[in-house]
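Below: one structure, written as structure tokens.
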Amino acid sequence: MYKSIETLIVDIPTIRPHKMAVATMQTQALVLIKVTTDDGLIGWGEATTIGGLGYAEESPESVRTNIEHYFAPLLKSLKNLNVAQTMQILKRNINGNRFAKCAIQTALLDIQAQRLNVPLSELLGGRLRDSVPVLWVLASGNTEKDIAEANKMIAAKRHNTFKLKIGSRAVEADVEHVLAIKKALGKDVSIRVDVNRAWSELQAIKGIQLLQDGGVDLIEQPCAIDNLDAMQRLTRRFDIAIMADESLMGPQSAYEIARHNGASVFAVKVAQSGGLIEGCEVAKIAQLAGIDLYGGTMLEGPVGTVASAHAFSTFENLAYGTELFGPLLLTEQILQTPLQYENFELKLPNTPGLGIELDLDKIDHLRRR
Ligand code: MUC
Ligand code: MG
Numbered sequence: 026m027y028k029s030i031e032t033l034i035v036d037i038p039t040i041r042p043h044k045m046a047v048a049t050m051q052t053q054a055l056v057l058i059k060v061t062t063d064d065g066l067i068g069w070g071e072a073t074t075i076g077g078l079g080y081a082e083e084s085p086e087s088v089r090t091n092i093e094h095y096f097a098p099l100l101k102s103l104k105n106l107n108v109a110q111t112m113q114i115l116k117r118n119i120n121g122n123r124f125a126k127c128a129i130q131t132a133l134l135d136i137q138a139q140r141l142n143v144p145l146s147e148l149l150g151g152r153l154r155d156s157v158p159v160l161w162v163l164a165s166g167n168t169e170k171d172i173a174e175a176n177k178m179i180a181a182k183r184h185n186t187f188k189l190k191i192g193s194r195a196v197e198a199d200v201e202h203v204l205a206i207k208k209a210l211g212k213d214v215s216i217r218v219d220v221n222r223a224w225s226e227l228q229a230i231k232g233i234q235l236l237q238d239g240g241v242d243l244i245e246q247p248c249a250i251d252n253l254d255a256m257q258r259l260t261r262r263f264d265i266a267i268m269a270d271e272s273l274m275g276p277q278s279a280y281e282i283a284r285h286n287g288a289s290v291f292a293v294k295v296a297q298s299g300g301l302i303e304g305c306e307v308a309k310i311a312q313l314a315g316i317d318l319y320g321g322t323m324l325e326g327p328v329g330t331v332a333s334a335h336a337f338s339t340f341e342n343l344a345y346g347t348e349l350f351g352p353l354l355l356t357e358q359i360l361q362t363p364l365q366y367e368n369f370e371l372k373l374p375n376t377p378g379l380g381i382e383l384d385l386d387k388i389d390h391l392r393r394r
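For what it's worth, the working numbering labels the leading residue of the sequence shown as 26, then goes sequentially.
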């Protein structure tokens with residue numbers, strides 16, 4: 026039934042260095058999975074990560090190796106199973122590897138949605154919106170450059186909400202940088218910060234107080250992944266939204282964080298969740314626990330971005346919008362028709378499956394040999 030499963034690593038320079046506490050990105054290594062069926066259908070998935078092993082436990086190279094050696098032979102041995110049954114067998118036989126599992130599941134859902142002639146979102150329960158709001162991340166490392174970049178985005182009606190990457194400098198220096206940007210952009214522009222787990226609890230108390238007083242709207246992953254106690258105390262202590270990102274690793278951890286009041290917002294990432302379906306489960310847990318939602322990214326290219334958009338379009342509450350801007354950070358586009366960003370939102374395709382057409386010549390030219 027599944028004839029071939031290919032993993033392509035496609036290295037694309039970013040439009041400027043993207044500085045985060047965990048890594049500075051100059052190039053993004055897109056990890057694309059192409060699944061071909063015996064009857065000639067093709068499904069795509071993506072398992073892109075950030076900064077090699079700087080962000081998560083899977084690297085582009087480990088995804089490729091594990092798909093080639095473990096996922097592909099197993100998938101090729103399966104016959105006459107639906108997507109759920111196929112994923113159940115993969116999960117029983119392969120531990121961890123959430124990014125690889127997400128990419129494979131996406132490709133299988135893409136194929137199934139094409140067979141049924143419906144957009145992929147219809148297999149996830151059905152979309153509630155045809156577009157999702159998209160913010161922009163300011164991460165040039167320079168306050169003046171960030172302000173100029175934000176003003177350009179607002180004027181072009183591309184983004185009117187901004188997330189700032191902090192955590193690599195002293196708390197005071199980071200706060201000064203954020204509040205200068207907040208002041209320059211004014212009260213109507215929502216500013217959030219992502220600390221990428223760089224602060225101790227005491228640093229977080231100091232930093233969050235100053236940012237809350239300065240009119241910032243949200244603090245993302247201030248403390249270490251495992252420090253659920255600190256996240257709980259910070260969530261209770263402050264009025265400002267505290268968002269879990271790296272510490273969310275699928276439905277089980279979503280349940281644990283929700284149970285301990287360890288966040289007021291969840292950043293749902295389909296790869297971190299282990300799949301589109303699991304991302305929707307994380308969202309459901311949030312909804313039941315009264316936690317708000319935000320659609321996150323692993324700075325994927327268009328495949329992972331549109332797959333995420335299909336999942337996020339089904340969420341009842343998307344109070345904090347999304348950050349599905351990954352393709353816009355890249356100097357090269359790999360679709361025949363680029364994803365449509367307009368009026369501060371990303372439009373979802375209506376055609377069957379993921380609803381995108383890849384530029385295979387471009388991919389072949391850019392891919393790692
Ligand atoms: C993260 O931690 O949120 C998402 C946007 C961005 O600039 O970095 C990522 C990772
Ligand atoms: Mg984050």
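Built from N, CA and C at the ideal position, the CB exists for glycine as well.
Since we're looking at a predicted model, the values are computed, not measured.
Contacting residues, own chain, Cβ-Cβ under 7 Å from residue i (five flanking each side not counted)
| i | result |
| --- | --- |
| leucine 134 | Val108, Leu145, Leu148 and Leu301 |
| isoleucine 310 | Pro276, Ala279, Tyr280 and Ala283 |
| valine 200 | Gly232, Leu235 and Leu236 |
| isoleucine 92 | Ile30, Thr32, Ile58 and Ala125 |
Pair within 9 Å by beta-carbon distance, residue i and residue j
| i | j | result |
| --- | --- | --- |
| tyrosine 398 | isoleucine 119 | In the structure as shown, the chain begins at 26 and stops at 394. Residue 398 is therefore absent and cannot be evaluated. |
| phenylalanine 369 | asparagine 185 | yes |
| isoleucine 244 | phenylalanine 263 | yes |
| isoleucine 359 | isoleucine 316 | no |
| threonine 32 | glutamine 53 | no |
| alanine 266 | methionine 256 | no |
| methionine 111 | methionine 323 | The question names methionine, but residue 111 in the sequence shown is threonine. No, these two residues do not count as a Cβ contact at 9 Å. |
| valine 203 | valine 214 | no |
| alanine 164 | glycine 329 | no |
| glycine 326 | isoleucine 37 | yes |
| serine 338 | valine 157 | yes |
| alanine 205 | threonine 168 | yes |
| leucine 343 | tyrosine 319 | yes |
| glycine 166 | lysine 212 | no |
| valine 159 | phenylalanine 350 | yes |
| alanine 223 | isoleucine 191 | yes |
Where residue i falls: helix, strand or coil (DSSP)
| i | result |
| --- | --- |
| glycine 346 | coil |
| proline 377 | coil |
| threonine 186 | strand |
| alanine 181 | coil |
| glutamine 53 | strand |
| isoleucine 433 | This structure does not reach residue 433, given that the chain is present from 26 up to 394, and the question cannot be answered. |
| aspartate 251 | coil |
| phenylalanine 340 | coil |
| valine 159 | strand |
| glutamate 382 | coil |
| methionine 274 | coil |
| methionine 268 | strand |
| arginine 152 | coil |
| histidine 285 | coil |
Residues near residue i in its chain [Cβ-Cβ closer than 8 Å; skip 5 each side]
| i | result |
| --- | --- |
| leucine 115 | Phe96, Leu99, Leu100, Lys126 and Ile129 |
| glutamate 382 | Leu360, Gln361 and Thr362 |
Beta-carbon proximity list for residue i, same chain, < 6 Å, skipping 5 on both sides
| i | result |
| --- | --- |
| valine 47 | Gly76, Gly79, Tyr80 and Asn221 |
| glutamine 365 | Lys372 |
Assumed close pair residue i, residue j - CB separation to whole angstroms, cut-off 8 Å
| i | j | result |
| --- | --- | --- |
| threonine 1 | serine 29 | Not covered by the structure: residue 1. The range shown for the chain is 26 to 394. |
| valine 307 | valine 293 | 5 Å |
Please write down, chain order preserved, every residue whose beta carbon lies under 7 Å from a heavy atom of the ligand MUC.
Any residue whose Cβ sits closer than 7 Å to a heavy atom of the ligand MUC makes the list: His43, Met45, Ile75, Tyr80, Val162, Ala164, Lys188, Lys190, Asp219, Asn221, Glu245, Gln246, Asp270, Glu271, Ala292, Gly321, Thr322, Met323, Leu324 and Glu348.
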